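Trainee: Below are the structure tokens for one structure; questions will follow.
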Amino acid sequence: MREELDLSIIEKLEKLKFFAKRIKIGGTTGERKSPKVGRGSEFADYRNYQIGDELRYIDWNIYARLEKFLIKLFEEEEDLDIHILLDSSSSMRFGSPSKLFYGKKLSLAFAYLGLSSWEKVRFASFQESINNLISLERKREHIFNLFNLLKTIKPSGITDLNNVLKQYISWQKRRGVLIIISDFFSPSGYKEGLSLGRYKKFSIYAIQILGEEEINPPFKGDIWLVDSETNERKEIFIDENLIEIYKKELDNSLKELEEFTLKYGIEYLRTVTSLPVEELLLKYLRVSGWIT
Amino acid sequence: MNIKFINPQFLWLLSLISIIIILHLIRPKRILVYISTLLLWEKIIKENPSGKWFKKLPKNILLYLQILTLILLVLSLAQPQIIFKGNINLPLVLIIDCSASLAARDILPSRFENIKTEALKVLHKIPFWRPVALITAGKKIEIISSFTSRHNLIEKNIKELRVLYTKNNIESAIELVESLIPNTPKEIHIFSDGNAKFSYPPNSINNYYIHIIGKGGDNIGITRAEIIPKNNKIAELFIEISNFSDDLKKFPLEIWGNDKLWSKVEVGIKPQEVKKLVFEVPYIAYKLVIKLRIRDQLEEDNTAYLFLPILKPRILLVSPGNPFLEKALKAIPNSHIDVKSYIIQEDFLNYDFIVFDRLIPEYVFPGNYLFIGSAPKSFDFEVIGKITKTKIVSWEENSIMSLVYPLNININSSLILRSSDFKPFLYCEKGPIGFIYEKKDIFALILSFSILDTDWYFYDSFPIFIYNTIKYALSYNSQISPGESIIIRDGNPIYTIETPKGKKEYENIGGVIEFKDTFDLGFYIIKSREKEKIFAVNIFSKEESNIKPRFILKDKTKDSINEAGFINLDLSPYLLFLAFILFIIEIIIFLGGLKLK
Chain Y
1 MREELDLSII EKLEKLKFFA KRIKIGGTTG ERKSPKVGRG SEFADYRNYQ IGDELRYIDW
61 NIYARLEKFL IKLFEEEEDL DIHILLDSSS SMRFGSPSKL FYGKKLSLAF AYLGLSSWEK
121 VRFASFQESI NNLISLERKR EHIFNLFNLL KTIKPSGITD LNNVLKQYIS WQKRRGVLII
181 ISDFFSPSGY KEGLSLGRYK KFSIYAIQIL GEEEINPPFK GDIWLVDSET NERKEIFIDE
241 NLIEIYKKEL DNSLKELEEF TLKYGIEYLR TVTSLPVEEL LLKYLRVSGW IT
Chain G
293 MNIKFINPQF LWLLSLISII IILHLIRPKR ILVYISTLLL WEKIIKENPS GKWFKKLPKN
353 ILLYLQILTL ILLVLSLAQP QIIFKGNINL PLVLIIDCSA SLAARDILPS RFENIKTEAL
413 KVLHKIPFWR PVALITAGKK IEIISSFTSR HNLIEKNIKE LRVLYTKNNI ESAIELVESL
473 IPNTPKEIHI FSDGNAKFSY PPNSINNYYI HIIGKGGDNI GITRAEIIPK NNKIAELFIE
533 ISNFSDDLKK FPLEIWGNDK LWSKVEVGIK PQEVKKLVFE VPYIAYKLVI KLRIRDQLEE
593 DNTAYLFLPI LKPRILLVSP GNPFLEKALK AIPNSHIDVK SYIIQEDFLN YDFIVFDRLI
653 PEYVFPGNYL FIGSAPKSFD FEVIGKITKT KIVSWEENSI MSLVYPLNIN INSSLILRSS
713 DFKPFLYCEK GPIGFIYEKK DIFALILSFS ILDTDWYFYD SFPIFIYNTI KYALSYNSQI
773 SPGESIIIRD GNPIYTIETP KGKKEYENIG GVIEFKDTFD LGFYIIKSRE KEKIFAVNIF
833 SKEESNIKPR FILKDKTKDS INEAGFINLD LSPYLLFLAF ILFIIEIIIF LGGLKLK
């Protein structure tokens, strides 16, 4: 089936706003309120004067009343960089529609939501390393740049999530929201990369996309299984019993990722390609508070 | 057992196996299934090593199936035959003598039981596929089972056989068997007690095996008995007793009438002597039983059953008025006469004989009739003319015309009838004027003139003719031999038959009571409304009562039995069927494999 990426999803997202719960980043003042008190326009609290504080922030009225130097604290409004990392390895070609196509639509949706909220959005696809990096400034029109880029991305290569995350996070000077869209079938693993992201105070959103055939393998008998990324072959006789074992193994693997993300405060969402992207965004992500 | 190929040249086709193997080698070994990642499967394969031997099991299964299918196809073309040597291919025929002498108990429990055991032994020895036929040789030859490989059915039929008390007829049985599946050699086993001679065709292609069962000869039997009226009150009872043993025998003879002992006399009879006795008994209707009080090896012929039927007809005269005819009918002894000028349906069922004088119905029910003047339309005849002023000139000599001498009797007018069913018995100058119409269900005497148009009633011959007619229609022979059918014309829909085994009600469908199962010795009483007829069944056969085996026939092929034949079992249809099944399995597996792609 030919998979043609379009902008229809954007129309449905017009009224939605992206919302990151725990952003603690500096830089240019943005639309979001930061828990960090500092320079801003809205009063937050007082604290004692310390050497080095700017005198203009001393509340002279308080001094006149209490003869104490108290510094006015303001809620600092800060902007937010949204980083979208889309897995475009060979394993993403599976599913109906393909996991990559699904991921592209999600990427487009998240990018649009970010731009609509006057955020800076950075997108990159990855296999073993980062590809197709694009930075979108705070203008909705820039979504077309991403749209055009997404159309050129084809599935290929091997996933190396650890390496990619390490590489990408090391490039970033500011913290931000990191959205990772992948099947998380990474031979080298994903834990180191994700934990590094958390260490660097990134607010991470992990979206795992699975194809139906990965949940319920449709093949049986005496066959060769070929890894789409490595072309490695395994001779196997698959029967009902083995299918059941596979399902248990998959379940364990998913639980492991789930527990890891829970432990490290990473937002985690699992979806299948048979669930329409629109439904995922408008129903599930909204309910779980990812977007408002 | 040998295996032979009829078309061995086809075996060269087995070389095609190499092509299958080459083709198999050059094609991709397995179906490739691309998946997103092997990460999970690798783990599973490591943790489940049991899958390894399992996955090897069906390895190359399609190749094996293809090779096997080809081998089976080639073999079926080569037509392999399994050859079993010996007599085992010949159809087997079991001829079992069921005659009365087989009831003899010189070998316990009886000759017949031993014959059945012997026949079962033969049956059990043969291979299961051999076709077997079972034939009984009583008075009539009956094919109990035609050629079949269902030996259990043959066994069941053998076990159910019973002595028929008839004479044996092995000769006819042999003739019948010779005509079955001609030009095919058969193995024929004859089981008999050897008290009757028989022979097989000298140039027969069949193999005969004779099994003679029986060794004793100690028997005395009633070989004939008859009761004949002497006058109106007394009848004479003739009894013939034969001693087939080698000893002088003395024993009491009892005569029982209606279950009461009438007479008992001591009888002495020399070895091989035939003694004839005459007794006087009352001439009345009763069931007479003669018993020889002696223990010998065949007890069934020590009792004789007799019945003397006395004519007691219920007659209906349907006439506008004919005193001469009425008088002639009333002159018949023991008769019951009713006179009517009309008839209803019930009358057809209640009377033994109906006389229609000029009042001829359009059709009649089954029964016995005298039609005077014409015949019912249902008889399918045509009136071709009318004659006047004529005389009776001749007649057929039969029991109806016995003691009747109607020469020159004047007939003023008469019809001339013609029908293929009418048998003329009385003639005038211009043609037949008296006919017999005899069908299975209807007996009728037809006179094509009215009695009142003649001067016959002035003569003595007229009442005699009437009596003869009634007697001819209603008298019957009460003495029948085992297996002989009882046939009675009767219009009643229901009748009962009391046999030595018991009483049973039957439905009369065709207007004729026909009862065939008369193989038991004793009385058979057939009742239909007020009408009753009694029959007696006896052996009465010197041949059967002489139970001593006196006929030994040499087995025709006993010496050459081992090489008498062989069987060719053609395996090609079975191989072809197997090849087809394997082909189907292969298609299923192949299509199953395609789905995976």
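If you read the protein sequences in the order shown, they are chains Y and G.
FYI, in this note's numbering the residues of the first sequence are 1 to 292.
FYI, in this note's numbering the residues of the second sequence are 293 to 889.
No residue lacks a Cβ here, since even glycine has one placed at the ideal position from N, Cα and C.
Computed from a prediction, not measured in an experiment: that's the story for all the values here.
Runs of 3 residues minimum, wholly inside the stretch 368-442 of chain G: which ones carry the beta strand (DSSP E) assignment?
Mentor: You should have 372-377, 384-389, 424-429 and 433-440.
Trainee: If Leu150 of chain Y and Ser107 of chain Y are in contact, beta carbons under 8 Å, what's the gap, nearest whole angstrom?
Mentor: 6 Å
Trainee: Look at Pro540 of chain G and Lys567 of chain G and say whether their C-beta atoms are less than 8 Å apart.
Mentor: Residue 540 of chain G is actually Leu in this sequence, not Pro. Result no, Cβ atoms of Leu540 of chain G and Lys567 of chain G do not sit closer than 8 Å.
Trainee: Identify every residue that forms a DSSP beta bridge with Ile805 of chain G.
Mentor: G:Ile780
Trainee: Taking 8 Å as the CB-CB limit, is Glu214 of chain Y close to chain B?
Mentor: In the displayed structure, chain B is absent; the protein chains listed are Y and G.
Trainee: How long is the line joining the alpha carbons of Lys459 of chain G and Glu835 of chain G, rounded to whole angstroms?
Mentor: Cα to Cα, Lys459 of chain G sits roughly 8 Å from Glu835 of chain G.
Trainee: Taking C-alpha atoms, which residue in G:Ile772, G:Arg781, G:Phe640 and G:Ser753 lies nearest to Leu766 of chain G?
Mentor: G:Arg781
Trainee: With Lys338 of chain G as the anchor, note down where its alpha helix (DSSP H) starts and where it stops.
Mentor: Leu331 to Glu339
Trainee: Tell me whether the stretch 697-705 of chain G and the stretch 745-759 of chain G touch, counting them as touching only if at least three CB pairs, one residue from each stretch, are closer than 8 Å.
Mentor: yes
Trainee: State the Cα-Cα distance for the pair Lys296 of chain G and Ile359 of chain G, rounded to the nearest angstrom.
Mentor: 22 Å
Trainee: Is there a C-beta anywhere in chain G that falls below 8 Å from the one on Val164 of chain Y?
Mentor: no
Trainee: Ile158 of chain Y by DSSP, collapsed to three states: which one?
Mentor: coil
Trainee: Return the bridge partner residues of His628 of chain G from the DSSP annotation.
Mentor: G:Arg606
Trainee: What does DSSP give as the partner residues of Trp60 of chain Y in its beta bridges?
Mentor: BP columns for Trp60 of chain Y are empty, so no partner.
Trainee: State the Cα-Cα distance for the pair Asp809 of chain G and Ala392 of chain G, rounded to the nearest angstrom.
Mentor: 15 Å
Trainee: How many angstroms separate the CA atom of Thr595 of chain G from the CA atom of Tyr634 of chain G?
Mentor: 49 Å
Trainee: Shorter than 8 Å from the beta carbon of Phe123 of chain Y to some beta carbon of chain G?
Mentor: The beta carbon of Phe123 of chain Y sits no closer than 8 Å to any beta carbon of chain G.
Trainee: Indicate the three-state DSSP secondary structure (helix, strand or coil) for Thr761 of chain G in the structure shown.
Mentor: helix
Trainee: Hey, how far is the Cα of Leu349 of chain G from the Cα of Tyr284 of chain Y?
Mentor: Because Leu349 of chain G carries a pLDDT of 43, less than 50, the predicted location of this residue cannot be relied on, and no value is offered for it.
Trainee: Please report the Cβ distance between Asp251 of chain Y and Lys220 of chain Y, rounded to the nearest whole angstrom; I am assuming they are in contact, meaning their Cβ atoms lie under 8 Å.
Mentor: Rounded, the Cβ-Cβ distance is 20 Å, inconsistent with contact.
Trainee: Over what stretch of residues does the alpha helix (DSSP H) that includes Thr746 of chain G continue unbroken?
Mentor: Per DSSP, Thr746 of chain G belongs to no alpha helix (DSSP H) and is neither H nor E.
Trainee: Between the Cα of Gly814 of chain G and those of G:Ser833, G:Pro774, G:Gly803 and G:Ile786, spot the shortest distance and give me the residue it belongs to.
Mentor: G:Pro774
Trainee: Against chain Y, does Tyr356 of chain G count as a neighbour if the rule is that its beta carbon must be under 8 Å from one of theirs?
Mentor: no
Trainee: Terminal residues of the continuous alpha helix (DSSP H) containing Arg198 of chain Y?
Mentor: Lys191 to Tyr199
Trainee: What do you reckon, are the CB atoms on Ile388 of chain G and Ala411 of chain G nearer than 8 Å?
Mentor: Contact: yes.
Trainee: Quick one: give me the first and last residue of the alpha helix (DSSP H) that Asn145 of chain Y is part of.
Mentor: Ile143 to Thr152
Trainee: Report buried or exposed for Asn830 of chain G, applying the criterion of at least 16 other Cβ atoms within 10 angstroms of its Cβ.
Mentor: buried
Trainee: With H, G and I counted as helix, E and B as strand and the rest as coil, what does DSSP make of Phe110 of chain Y?
Mentor: helix
Trainee: Would you mind stating whether Ile433 of chain G and Ile505 of chain G have Cβ atoms separated by less than 8 Å?
Mentor: no
Trainee: Verify the CB distance criterion: does Phe185 of chain Y have a CB-CB separation below 8 Å to chain G?
Mentor: yes
Trainee: Is the Cβ of Leu324 of chain G closer than 8 Å to any Cβ of chain Y?
Mentor: yes
Trainee: When you compare each of G:Pro493, G:Phe530, G:Pro494 and G:Phe536 to Gly509 of chain G by their alpha carbons, which one comes out closest?
Mentor: G:Phe536
Trainee: Which residues in chain Y sit within 8 Å of Leu332 of chain G, going by Cβ to Cβ distance?
Mentor: Tyr246, Glu249, Leu250 and Ser253
Trainee: Kindly say whether Ile876 of chain G, judged by its beta-carbon, lies nearer than 8 Å to any beta-carbon of chain Y.
Mentor: Against chain Y, the CB of Ile876 of chain G has no partner CB under 8 Å away; the residue lies outside that interface.
Trainee: What are the complete beta strand (DSSP E) segments, minimum 3 residues, inside the stretch 696-751 of chain G?
Mentor: 702-710, 715-720, 723-730 and 734-739
Trainee: Rank G:Pro521, G:Ser864, G:Ser441 and G:Ile826 by C-alpha distance to the C-alpha of Val570 of chain G and give the top, closest one.
Mentor: G:Pro521
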